[in-house]
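With the UniProt record's numbering, letter number 226 in the sequence shown gets 226, and the count goes up by one each step, no holes.
Take a look at the structure set out below.
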Amino acid sequence: MHEANVFGLQFSTSKQALSSILQLSRYLESKTLLVDPRFISLIQDVQAHFIGDKQLRIGEENLNDILESNSVMMAFFDRDGLDILNLLKSHNLLWKKFTDQSFEVIIDGISHRLIPFSLSKSEDYIEFILRKVKRIIPKVENESFVGPVDWIRFVWTLQRSRFISCEKAFAARYRQTYPQFFSGKPRIQNGIILTLQRFRNWAIKRGMTPMLHAGTLLGWYRECGIITYTHDIDFTVFIEEHYDKFPDDVMNSSFIELSLRFNKPEDLLEYKVYIENGIPMDIFFLYHDQNSSWIGGLSGVTKFIYPLINRTCATDLLGYLMYVPCNALDVITSDYSKNWSEPLHSSRYFWNESPSNILGAGTVPPEERAESFIQYNSVKNKKANEKKSNPPIKRMTSQRAEHYKTSNVSQRLMNT
């Protein structure tokens, strides 16, 4: 009998592992999901070379630190918990239930850990506990034995699933201490979270990790929401995740309007966009060396220095999954010092003076200014004018039909 090693798990054969998974699924009437990426190659023909990659991408947590070393990871939705229990009993299986409501089931000498998945109230994400660590991931798209439809995306989210919470107790005290900030209508309504969810999914689809940043990160941590007097939204993304077609993808999206680009991808890159109701949103790209991370400042060569940000965690903001640096408090303290717990109205906050971590980084040479500051409205208008100067080839002889076609082209250009 040949022994097989599946990313650290020892079995008599790979077929034995697959056989036990299939057998357990039949016993439990397909109420379980296989969510262990170490077994992808046994179930589907998926290119999963990255799963055993010792060189982690920035922001990722090692799968060996997430998964149990000697058990096959499977899951069930908590609504099926009682059915799972009854089926385990009816088939006289060797099983054990833990305080976190998970089960260990032994079949053919192989341990299977069945983890309960709980769907959030907003149905945006799934929460679960694995090795005593609470985790959340975007909702799994498939509820069948074969597991997630998109294994690559599932692994991506699993490696960024470690949950950290906002300061709920502090947020309650903060509201009591400063009621004046919560009595009126906030500048940005909570409904904006649906647009932020849409941006999150849009970014993930493109291999980007959108992390809450600056005042948006502070509002989440301090108030478990969006600061009532803030006027914009801030995200940061690892520069390793930037790609050349990013501005084109933004301009082609239906819910983001690209406005400005500051600096170049080589250093201090930032984009300013507008989302729902004309709300400004800044997308900063995060650079790093071995000891620290930094972003650029608006309209000039300015650096904001942070402790090294190299691990991404997941959190809940207004009922929806968002990503934050795992060392969120250190990042917040870098921006706002130890006074982060006290309100500072936007009218008294100046981005180029107030932060405690600001550092000048020289000036942009005159010959580079055109590439370091781009207004995309002018770029869009230029492209539109170029298209207008090259009218569409006539395919219909009807004057009315040609007018209708040209009008549609103009309308599409306006909506680009």
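For every residue, glycine included, the Cβ atom is placed at its ideal position computed from N, Cα and C.
Asked: Count the CB pairs spanning the segment 72–87 and the segment 117–131 that are closer than 8 Å, and state whether there are at least three.; Found: yes
Asked: Mind listing, in chain order, the continuous beta strand (DSSP E) runs of no fewer than 3 residues lying wholly within the segment 244–303?; Found: 257–264, 267–274, 280–288 and 292–296
Asked: Rounded to a whole number of angstroms, what is the C-alpha to C-alpha distance between Y287 and T312?; Found: 15 Å
Asked: Under three-state DSSP, which class holds G184?; Found: coil
Asked: Helix, strand or coil for P138? Go by DSSP, reduced to three states.; Found: strand
Asked: Can you tell which of P265, P280 and L56 has the C-alpha that lies nearest to the C-alpha of K272?; Found: P280
Asked: Using alpha carbons as the reference points, say which of E266, D267, S254 and V250 lies closest to L260.; Found: V250
Asked: Using the Cβ count rule (16 or more neighbours within 10 Å means buried), how would you classify Q55?; Found: exposed
Asked: What did DSSP end up calling S25 once you bin it into helix, strand or coil?; Found: helix
Asked: What residues in its chain sit with their C-beta under 6 Å from that of D100, if we drop five residues either side in the sequence?; Found: I129
Asked: Under three-state DSSP, which class holds G59?; Found: strand
Asked: From what residue to what residue does the beta strand (DSSP E) around Y320 run?; Found: Y320 to P325
Asked: State whether the segment 151–167 contacts the segment 110–119, with contact taken as three or more CB pairs (one from each stretch) at a distance under 8 Å.; Found: no
Asked: What's the C-alpha gap between L88 and S25?; Found: 11 Å
Asked: How big is the Cα-Cα spacing for K264 and S372?; Found: 6 Å
Asked: Compute the Euclidean distance between the alpha carbons of I106 and L94, then round it to the nearest angstrom.; Found: 6 Å
Asked: Are L34 and Q159 touching if we call contact CB-CB under 9 Å?; Found: no
Asked: Look at the alpha carbon of S161 and the alpha carbon of Q290, and state the distance between them as a whole number of angstroms.; Found: 24 Å
Asked: State buried or exposed for T177, treating a residue as buried only when at least 16 other CB atoms are found within 10 Å of its CB.; Found: exposed
Asked: Given Y323, which residues of its chain have a CB within under 8 Å of its CB, disregarding the five upstream and five downstream residues?; Found: R160, R200, T209, P210, M211, L212, T312, C313, A314 and T315
Asked: To which residues of the same chain is S398 closer than 6 Å at the C-beta, ignoring the five residues directly before and after it?; Found: With a pLDDT of 32 at S398, under the threshold of 50, the modelled position of that residue is not reliable, and no figure is offered here.
Asked: Where does F103 land, buried or exposed, given buried means 16+ other C-beta within 10 angstroms?; Found: buried
Asked: Quick one: residues in its chain with C-beta nearer than 6 Å to the C-beta of F170, no 5 flanking neighbours on either side, listed in chain order?; Found: none
Asked: Measuring CB atoms only, is the segment 210–230 touching the segment 186–199, in the sense that at least three cross pairs come out at less than 8 Å?; Found: yes
Asked: Can you tell me which of the three DSSP states E368 falls into?; Found: helix
Asked: State the DSSP-derived secondary structure class of K205, mapped to helix, strand or coil.; Found: helix
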